[in-house]
Amino acid sequence: MAPLSSFLRSSTPRLTLTLEGKSCLDLDFDTSYPLVITITRDEDDPHTQPCIIHWNPIEDAFGQPGIMLVRSNRDFTEDLQPVQVDSSHLRAKSLHPREVSRSDPCFKELYPGSSVSWELDLPSVYFNSLRPGERYRILWVGGQISLWDWGTLAQHSGRTLSPKSLPVILPGGPHQLLRILEVESDIDEVGPLPPSPAPILASGRVSGAPVFSLTIAGPATLSMRDRNSRGRLRYPVTMTLSYDAAPDGLDRKPVTFHTPIFKDIDSRQGGFRLYLREKCHWSPHELPGSFTYHRYRFSKSVPVNVGRNEQDEFVALVPGESWSFTREVTDFPKHAAPGDEFRYRFKGAQLDWWDWGHLGDHENTVVWVNYLVRDPKDNGGRPGLVVPASNWVEFTMVE
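Here it is, written out as structure tokens:
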């Protein structure tokens with residue numbers, strides 16, 4: 001009698017799962033580990049009709065049995081032991097009928113020879129178990145897909161897909177090897193970081209510079225299920241940067257400015273900051289100090305044309321105008337849970353570069369950029385344009 005898995009595979013679409021990620025990780029700099037998970041349908045599948053599947057990479061990849069983190073010897077020739085993690089920190093599988101929707105990223109359509117992929121971060125319960133100098137095998141031990149059917153998404157759209165008694169088998173075995181770098185001494189080691197600077201008040205504006213202000217807005221709650229494609233919590237915040245007034249005698253004069261401080265990761269030095277309520281006070285959520293200190297140290301300055309940028313690296317405003325954009329907060333405490341209260345704000349910062357004029361006036365202006373504008377230095381002698389701290393936005397974590 002043929003094994004059950006062979007029988008199931010002969011009666012269902014033939015699918016395989018593969019993993020892809022970086023082969024090396026430096027815990028001094030890397031704060032997450034992106035992993036690409038791909039499901040491929042065999043090109044020589046004897047069943048030629050299309051099929052649909054519902055597969056949630058967060059629940060199905062890291063549920064049980066799913067993906068396992070295994071410690072290996074130095075040359076990956078022998079697996080030593082699985083890394084034990086608290087499974088309560090992982091999302092449990094939720095197997096129930098679902099309405100088929102083409103807009104649901106968990107519903108996919110597969111023909112023989114086709115594949116679908118998801119990119120998500122290794123869950124923090126695994127990432128925080130990684131140790132310097134160790135070797136790991138990220139192993140897919142096998143699983144199954146119970147929510148599937150023959151046909152296309154268009155044919156099933158709006159219908160209810162129920163678990164099948166014959167699930168699709170995703171055979172175990174695929175893996176990704178991962179080496180964690182040793183901790184090395186650093187002649188530039190910064191040691192203990194100084195206290196985070198206080199928010200910049202409106203009184204910190206510099207005379208002779210344009211007057212800018214920033215306001216932020218966001219929802220009152222964040223669901224534990226609201227995550228980005230890499231599996232990280234995401235809280236959307238709408239930012240509105242306003243050009244309130246020009247200096248005396250320069251009414252209606254436009255300003256072009258560099259925008260990275262509004263797009264950068266949260267920082268203890270300035271810019272955006274997340275706080276967590278702990279009993280009767282608010283505590284800042286700290287990022288790894290070595291990461292925030294070293295992240296730009298090895299990159300080089302590149303020339304950028306101010307007036308011809310295509311990714312909003314530079315923006316122009318006239319007095320009375322505003323520039324709105326959305327920012328996602330994705331760095332939360334690893335043990336964040338429903339009921340936790342947070343507040344978020346822009347602490348204030350000084351723009352690294354600005355100049356008078358519209359973008360069209362700067363079609364031939366070239367600056368050298370290494371995250372910030374490095375040349376010309378000191379903003380070409382113009383007074384510093386300070387954007388004071390914004391209002392607070394407060395929200396609560398929910399299921």
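So the sequence shown is numbered by the numbering used here: it starts at 1 and just counts up by one. Glycine included, each C-beta is placed from N, C-alpha and C at the ideal position.
{"Item": "Throw me the rounded Cβ distance for the residue 307 and residue 397 pair, which I believe falls under 8 Å.", "Value": "Incorrect: roughly 43 Å between the Cβ atoms, too far for contact."}
{"Item": "Where does residue 87 sit, in a helix, a strand or coil, going by DSSP?", "Value": "helix"}
{"Item": "Quick one: grab the DSSP three-state call for residue 203.", "Value": "helix"}
{"Item": "For the beta strand (DSSP E) containing residue 346, list its first residue and its last residue.", "Value": "341-346"}
{"Item": "List the whole-angstrom C-beta distance separating residue 356 from residue 253, where the pair is believed to meet the contact cut-off of C-beta under 8 Å.", "Value": "6 Å"}
{"Item": "What span of residues does the alpha helix (DSSP H) with residue 124 cover, start to end?", "Value": "124-127"}
{"Item": "Confirm, please, whether the CB-CB distance from residue 209 to residue 57 is below 8 Å.", "Value": "no"}
{"Item": "Could you have a look at residue 147 and say whether DSSP puts it in helix, strand or coil?", "Value": "coil"}
{"Item": "Is the Cβ-Cβ distance between residue 50 and residue 151 less than 8 Å?", "Value": "yes"}
{"Item": "Check each candidate in 274, 197, 127 and 133 and name the one with the smallest Cα separation from residue 327.", "Value": "274"}
{"Item": "Can you tell me whether residue 372 is helix, strand or coil according to DSSP?", "Value": "strand"}
{"Item": "Out of 11, 80 and 391, state which residue places its alpha-carbon closest to the alpha-carbon of residue 202.", "Value": "391"}
{"Item": "If you follow the alpha helix (DSSP H) that residue 220 is in, where does it begin and where does it stop?", "Value": "Premise fails: residue 220 is in no alpha helix (DSSP H) and is neither H nor E."}
{"Item": "Put residue 311 into one of helix, strand or coil per three-state DSSP.", "Value": "coil"}
{"Item": "Do residue 301 and residue 364 come within 8 Å of each other at the CB atom, strictly closer than that value?", "Value": "no"}
{"Item": "Going by beta-carbon coordinates alone, are residue 265 and residue 312 separated by less than 8 Å?", "Value": "no"}
{"Item": "Alpha carbon to alpha carbon, how far is residue 348 from residue 271? Give it in angstroms, no decimals.", "Value": "6 Å"}
{"Item": "In whole angstroms, what is the alpha-carbon distance linking residue 309 and residue 321?", "Value": "20 Å"}
{"Item": "For residue 49, list the residues DSSP reports as bridge partners.", "Value": "The partner list for residue 49 (beta bridge, DSSP) is empty, contrary to what the question assumes."}
{"Item": "With H, G and I counted as helix, E and B as strand and the rest as coil, what does DSSP make of residue 358?", "Value": "coil"}
{"Item": "Using DSSP bridges, identify the partner residues of residue 140.", "Value": "67"}
{"Item": "For the alpha helix (DSSP H) containing residue 156, list its first residue and its last residue.", "Value": "153-156"}
{"Item": "Below 8 Å on the Cβ atoms is my guess for residue 218 versus residue 141; work out the distance and round it to an integer in Å.", "Value": "At roughly 39 Å, the Cβ-Cβ gap does not stay under 8 Å, so residue 218 and residue 141 are not in contact."}
{"Item": "Quick check on DSSP: helix, strand or coil for residue 21?", "Value": "strand"}
{"Item": "Could you give the DSSP three-state label for residue 332: helix, strand or coil?", "Value": "coil"}
{"Item": "Should residue 228 be labelled buried (16 or more other beta-carbon atoms within 10 Å of its own) or exposed?", "Value": "exposed"}
{"Item": "CA-CA distance, residue 77 and residue 106?", "Value": "35 Å"}
{"Item": "Would you mind sorting residue 61 into buried or exposed? The rule is 16 or more other CB atoms within 10 Å of its CB.", "Value": "buried"}
{"Item": "Would you mind stating whether residue 246 and residue 319 have Cβ atoms separated by less than 8 Å?", "Value": "yes"}
{"Item": "Please identify the residue among 155, 206 and 110 whose C-alpha is closest to the C-alpha of residue 168.", "Value": "110"}
{"Item": "In the structure shown, what three-state DSSP assignment does residue 266 receive?", "Value": "coil"}
{"Item": "Buried or exposed for residue 198, please, with buried defined as at least 16 other CB atoms from any protein chain shown within 10 angstroms of its CB.", "Value": "exposed"}
{"Item": "Assuming residue 395 is part of the beta strand (DSSP E), what are its boundary residues?", "Value": "393-398"}
{"Item": "Tell me the DSSP secondary structure of residue 245 in three-state form.", "Value": "strand"}
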